[in-house]
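*Asks:* Take a look at this one; I'll ask things after.
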C-alpha cells in the first residue's frame with residue numbers, strides 16, 4: 001500500500017487538469033446522483049454517498065452543486081437514470097485493470113471500453129477475472145502532517161492502518177463502510193486531509209518496465225477520457241526513476 005501516494009499524486013494532477021475542462025465535475029455529479037438514488041440522500045447512513053461528497057469537496061465543488069446532485073438522485077429533481085457497471089481486464093505487462101462506469105447504454109459503454117483495451121495491447125476479461133486482486137478501502141491522505149499525531153488520531157478513530165510514504169506524506173486506510181466516521185474523527189482532531197476517497201487497493205503489484213509503463217499510461221488515459229468511465233483502478237507499479245522519465 002505504500003506506493004498509493006505516488007500514484008494518487010499523479011492522478012490528482014491529472015484531475016486538476018480535468019477540472020479546468022469541467023470533466024471531473026461531470027463524473028463527480030454522476031457519482032453523487034447515483035449514490036443518492038441507490039442508498040438515499042442521508043450521507044450519514046449512506047457510505048457511498050458520504051465518500052462521493054468528500055471527494056467532491058476535495059475537488060472544490062460547491063455545496064449547492066452537491067446538494068442539487070443529491071436531490072436529483074433521490075428523486076426530488078428530474079434527471080437522467082444511470083446504472084453502475086464495472087468491467088475487468090488485463091493491461092500491458094500483465095497488469096490487472098478495473099473500470100468503473102456509469103451508463104444509460106451498456107452496449108455503447110462496453111464497446112468503448114473494449115476498444116480502449118485492444119488499442120493499448122490489453123484485453124477485456126470476464127466478471128471476477130481480476131476483482132479478487134483488489135480490496136475496497138477508504139483512503140485519507142495528508143501531504144504534510146506529523147506522523148505520530150495522525151497515527152494516534154487514526155487508531156483512536158478506528159482506522160485499519162497508517163502508512164508513511166517515501167515523500168513523508170501519510171495515508172490513513174479504513175474499511176470503506178467506516179470511511180465517513182473515521183474522516184469525521186480526524187477532522188475533529190484538527191487534521192485537514194489533502195484528499196479523501198473510497199478506492200480499490202491492489203493486493204499485489206505488477207512491475208512495469210520502460211516498454212510496458214507508457215502503454216499502461218496510454219490505456220488509463222484512453223479509459224479516463226471516455227464519458228461513461230468514472231474510475232480506473234490498476235496494479236501497475238512504476239519505479240520512481242522510470243516515472244521521472246515518462
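In UniProt numbering, the protein residues as written are 1 to 246. Glycine residues also receive a C-beta, built at the ideal position from the N, C-alpha and C atoms. Just so you know, these numbers come straight off a predicted model, no measurement behind them.
1) Distance check for residue 152 and residue 110, CA to CA, integer angstroms please.
2) For residue 119, report the span of its alpha helix (DSSP H) as first-last.
3) In three-state DSSP terms, what is residue 61?
4) Is it buried or exposed for residue 148, if we count other Cβ within 10 angstroms and need 16 for buried?
5) So is residue 138 buried or exposed if we call it buried at 16+ other beta carbons inside 10 Å?
6) Taking DSSP as the reference, what is the three-state secondary structure of residue 103?
7) Take every Cβ of the region 102-122, pair it with every Cβ of the region 192-204, and state whether three or more of those distances are shorter than 8 Å.
8) Roughly how many whole angstroms lie between the Cα atoms of residue 35 and residue 52?
9) Please determine, among 66, 189, 87, 93, the residue with the shortest C-alpha to C-alpha distance to residue 112.
10) Who are the near neighbours of residue 237 in its chain, counting only those whose CB is closer than 8 Å to its CB and skipping five residues on each side?
11) CB-CB under 6 Å to residue 156, same chain, minus the five flanking residues each way: which ones, in chain order?
12) From this set, 22, 166, 50, which residue's C-alpha is nearest residue 240's C-alpha?
13) Just checking my contact of residue 73 with residue 28 at CB under 8 Å: how many whole Å lie between their CB atoms?
14) Tell me whether residue 45 is buried or exposed, calling it buried when 16 or more other Cβ atoms sit within 10 Å of its Cβ.
15) Just the C-alpha distance for residue 252 and residue 40, rounded to the nearest angstrom, thanks.
16) Excluding the five sequence neighbours on either side, which residues of its own chain have a C-beta within less than 8 Å of the C-beta of residue 234, listed in chain order?
17) Please look up how many angstroms separate the CB atoms of residue 117 and residue 124, rounded, as I've assumed it's under 8 Å.
18) Measure from the alpha carbon of residue 182 to the alpha carbon of each residue in 64, 158, 85, 56, then state which is nearest.
19) Work out the CA separation of residue 179 and residue 200 for me, nearest whole Å.
20) Could you name the residues that DSSP lists as bridge partners for residue 55?
21) At which residue ranges does the region 142-211 contain complete alpha helix (DSSP H) runs of 4 or more residues, listed in the order of the chain?
*Replies:* Concretely, from the data shown:
1) 45 Å
2) Per DSSP, residue 119 belongs to the alpha helix (DSSP H) from 106-119.
3) coil
4) It is exposed - the Cβ of residue 148 has fewer than 16 other Cβ atoms within 10 Å.
5) buried
6) strand
7) no
8) Roughly 8 Å between the two C-alpha positions.
9) 87
10) 3, 205, 206, 207, 208
11) If we look at residue 156 and ignore the five residues flanking it on each side, it has no Cβ neighbours.
12) 166
13) Contact flag wrong, Cβ pair sits at about 12 Å.
14) exposed
15) Nothing about residue 252 can be read from this structure; the chain reaches only from 1 to 246.
16) 91, 95, 96, 97, 98, 202, 216, 220
17) Yes, they are in contact, since the Cβ atoms of residue 117 and residue 124 sit about 5 Å apart, within 8 Å.
18) Comparing alpha carbon positions, the residue from 64, 158, 85, 56 closest to residue 182 is 158.
19) 13 Å
20) Residue 55 pairs with nothing; no bridge assigned.
21) 147-157, 179-188
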